[in-house]
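Colleague: Structure provided below as structure tokens; questions to follow.
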Amino acid sequence: MDNNPNLKVLKELHKGAQMGINALSYVSDKVTDDGFKRELSTQYNQYEDILTRVTDLYNDYGEVPANFNFKDDMMTWMGIQMNTVNDKTPSKLSELLIQGNTMGIIEGRRLLNNNPAVETNIKQTLNDFVTLQENTVTKLKEYL
4 MDNNPNLKVL KELHKGAQMG INALSYVSDK VTDDGFKREL STQYNQYEDI LTRVTDLYND
64 YGEVPANFNF KDDMMTWMGI QMNTVNDKTP SKLSELLIQG NTMGIIEGRR LLNNNPAVET
124 NIKQTLNDFV TLQENTVTKL KEYL
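Going letter by letter, the sequence shown gives residues 4 to 147 in the numbering used here.
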């Protein structure tokens, strides 16, 4: 599976989208500001849309995305818990989400640059995912 660049990119896209969904879920539980909560809900829905597209693309290859890594999920949860023990303000929560999105942008751009032979529909989904993260960072900056 990992020898196929299309499946390699889909695997990373699936992992990134699932990580974003999980992080937003964990952060949303701490939010009391209604406007910020609505913004996170919008972002959550956009990540779900990407995840659905990735799953559909997997089907084109007769594959099923692997289950999300429990260890990665626990590390995301623990990181959010530890970083918000004393500060659950929209500013702090935005900072954490911006850091995660920035890592996703870097990984996504690497995937785009290093996999030129990836099929157009996968490349478009990856580009949309990176754009989503870039737009998310812009929106989250308003809450810093």
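Glycine included, each C-beta is placed from N, C-alpha and C at the ideal position.
Around the C-beta of PRO119, are 16 or more other C-beta atoms found within 10 angstroms, so that it is buried, or is it exposed?
Modeller: exposed
Colleague: Tell me which residues share the same chain as LEU1 and place their Cβ nearer than 6 angstroms to its Cβ, disregarding the 5 neighbours each side in the sequence.
Modeller: Since the first and last residues shown for the chain are 4 and 147, residue 1 lies out of range.
Colleague: Can you grab the Cα-Cα spacing for the pair ASN117 / LYS126, in whole Å?
Modeller: 11 angstroms
Colleague: Are the CB atoms of LEU114 and LEU135 nearer to each other than 9 angstroms?
Modeller: Result no, Cβ atoms of LEU114 and LEU135 do not sit closer than 9 angstroms.
Colleague: Give the secondary structure of LEU114 by DSSP, where H, G and I count as helix, E and B as strand, and everything else as coil.
Modeller: helix
Colleague: Report yes or no: do the stretch 9-23 and the stretch 45-59 share at least 3 C-beta pairs separated by less than 8 angstroms?
Modeller: yes
Colleague: For the alpha helix (DSSP H) that contains VAL121, what are its first and last residues?
Modeller: Taken as a continuous stretch (DSSP letters only), VAL121 belongs to no alpha helix (DSSP H), as it is neither H nor E.
Colleague: From the DSSP output, in three-state form, read off GLU137 for me.
Modeller: helix
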